[in-house]
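K.L.:
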Amino acid sequence: MQEYEDNKRLFFALWPDEGVRRQLHELIPQSLSRPTSAQNIHITLVFLGDISSAVLAQLTHCIDTLKSPSFTFTIDRYGWWRGPGVYWVGPRDVPQPMLQLFESIRSCAVKAGISLDSRSFKPHATLARKVRQRPRARHTFNIHWQVNRFVLVESMQGEGGVEYCVLREWALGEW
Ligand code: 2AM
Numbered sequence: 104m105q106e107y108e109d110n111k112r113l114f115f116a117l118w119p120d121e122g123v124r125r126q127l128h129e130l131i132p133q134s135l136s137r138p139t140s141a142q143n144i145h146i147t148l149v150f151l152g153d154i155s156s157a158v159l160a161q162l163t164h165c166i167d168t169l170k171s172p173s174f175t176f177t178i179d180r181y182g183w184w185r186g187p188g189v190y191w192v193g194p195r196d197v198p199q200p201m202l203q204l205f206e207s208i209r210s211c212a213v214k215a216g217i218s219l220d221s222r223s224f225k226p227h228a229t230l231a232r233k234v235r236q237r238p239r240a241r242h243t244f245n246i247h248w249q250v251n252r253f254v255l256v257e258s259m260q261g262e263g264g265v266e267y268c269v270l271r272e273w274a275l276g277e278w
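Our numbering applies: residue 104 is where the sequence shown begins, and numbers increase by one.
(1) Let me know the beta strand (DSSP E) ranges lying completely inside the segment 144-172, each 3 residues or longer, listed in chain order.
(2) Identify which residue in Ile-166, Gly-264, Glu-257, Arg-125 has its Cα closest to the Cα of Arg-232.
(3) Is the number of C-beta pairs between the segment 183-201 and the segment 224-231 that are closer than 8 Å three or more?
(4) For Phe-205, report the span of its alpha helix (DSSP H) as first-last.
(5) Of the residues Lys-111, Ser-156, Trp-118, Pro-138, which one's Cα is nearest the Cα of Asn-251?
(6) Could you pull out every residue in the same chain whose Cβ sits closer than 6 Å to the Cβ of Leu-270, ignoring the five residues on either side in sequence?
(7) Quick check on DSSP: helix, strand or coil for Gln-249?
(8) Measure the alpha-carbon distance for Met-104 versus Phe-150 and round it to whole angstroms.
(9) In this structure, how does DSSP classify Glu-277 when only helix, strand and coil are distinguished?
(10) Using 8 Å as the threshold, is the segment 172-180 in touch with the segment 242-251, meaning 3 or more CB pairs across them?
(11) State buried or exposed for Cys-211, treating a residue as buried only when at least 16 other CB atoms are found within 10 Å of its CB.
(12) Check whether the segment 147-165 and the segment 197-212 are in contact - that is, three or more C-beta pairs closer than 8 Å.
(13) Rounded to the nearest angstrom, what separates Gly-122 and His-128 at their Cα positions?
(14) What does Leu-117 pair with, by DSSP beta-bridge criteria?
(15) Taking 6 Å as the limit, tell me which residues put their C-beta closer than that to any heavy atom of the ligand 2AM, in chain order.
(16) Tell me the DSSP secondary structure of Arg-112 in three-state form.
(17) Got a sec? Which residues, its chain only, sit under 7 Å from Leu-148 by beta carbon, not counting five neighbours each side?
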């Protein structure tokens with residue numbers, strides 16, 4: 104329908120730099136089905152769904168006013184969600200600034216009239232999908248991630264599967 108033509112499937116995310124991306128990619132066992140491609144690895148903060156340009160303008164206006172500090176965290180655990188067969192890695196300890204950033208983005212989205220799913224925030228990077236058996240315990244790992252920015256990403260269906268395109272980024276600072 105005409106009025107939905109400009110909708111984009113969007114989410115806010117933490118986007119790794121090349122060093123962290125490479126370390127995360129190296130954690131994917133070769134044997135797993137549907138591994139996430141290196142360039143797609145990220146941590147979702149808030150998934151928005153299909154959003155019109157008018158709603159997006161309202162949302163980004165609010166996001167522009169946020170003053171959130173930069174932070175670091177450590178990716179040091181992995182897990183497996185049986186239903187979707189998601190093999191993921193994430194932090195044991197979620198730092199307060201990450202939780203605050205999540206809450207702030209969420210509240211901007213709600214103000215813009217976007218309905219969000221109410222599941223609790225479980226920061227994770229999906230490394231593979233449709234994994235039908237719990238992957239065997241891996242060696243321990245500690246990947247330190249310095250977060251100086253967050254990004255708005257469009258999810259698109261490409262010929263070879265899903266492709267993510269970073270549309271905008273916001274710096275985190277010394278607040
Ligand atoms: P996932 O990796 O655990 O599937 C793009 O789809 C990103 O948004 C992925 O990181 C995905 O998490 C996340 N996401 C969160 N909720 C979603 C939803 N309802 N539909 C699709 N993706 C969702």
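We put the beta carbon where it would ideally sit given N, CA and C, even for glycine. Since the structure is predicted, the reported quantities are computational estimates derived from the model, not experimental observations.
P.N.:
In brief:
(1) 146-154
(2) Taking the sequence shown and counting its residues from 1, the one referred to as residue 232 is at position 129. Scanning Ile-166, Gly-264, Glu-257, Arg-125 for the CA closest to the CA of Arg-232 turns up Gly-264.
(3) yes
(4) Here residue 205 is taken as the residue at index 102 of the sequence shown, counted from 1. From DSSP, the alpha helix (DSSP H) with Phe-205 extends over 199-214.
(5) As a first step, residue 251 must be located in the sequence shown, where it is residue number 148. For Asn-251, the nearest C-alpha among the options comes from Trp-118.
(6) Position 167 of the sequence shown, counted from the first residue, corresponds to residue 270. Excluding residues within five positions, the ones whose Cβ falls inside 6 Å are Leu-255, Glu-257.
(7) The residue given as residue 249 occupies position 146 in the sequence shown. It is a strand residue.
(8) By one-based count along the sequence shown, residue 104 stands at place 1. By one-based count along the sequence shown, residue 150 stands at place 47. Confidence at Met-104 is low in this model, with a pLDDT of 48, below 50, so the placement of that residue is unreliable and no value is reported for it.
(9) Against the sequence shown, residue 277 aligns to sequence position 174. Glu-277 falls in the coil class under three-state DSSP.
(10) The segment 172-180, when compared against the segment 242-251, does touch it at the 8 Å Cβ threshold.
(11) By 1-based counting over the sequence shown, the position of residue 211 is 108. Buried, because 16 or more other Cβ atoms sit within 10 Å of the Cβ of Cys-211.
(12) yes
(13) The sequence position of residue 122 within the sequence shown is 19, counting from 1. The sequence position of residue 128 within the sequence shown is 25, counting from 1. Cα-Cα distance, rounded: 10 Å.
(14) The sequence position of residue 117 within the sequence shown is 14, counting from 1. Beta-bridge pairing links Leu-117 to Ile-146.
(15) Phe-114, Thr-147, Phe-150, Val-189, Asp-220, Thr-229, Ser-258
(16) Numbered from its first residue, the sequence shown carries residue 112 at position 9. In the three-state reduction of the DSSP assignment, Arg-112 falls in the strand class, which pools E and B.
(17) Working through the sequence shown from its first residue, we reach residue 148 at position 45. Hits under 7 Å: Phe-115, Ala-116, Leu-117, Leu-204, Phe-205, Ile-208, Phe-253.
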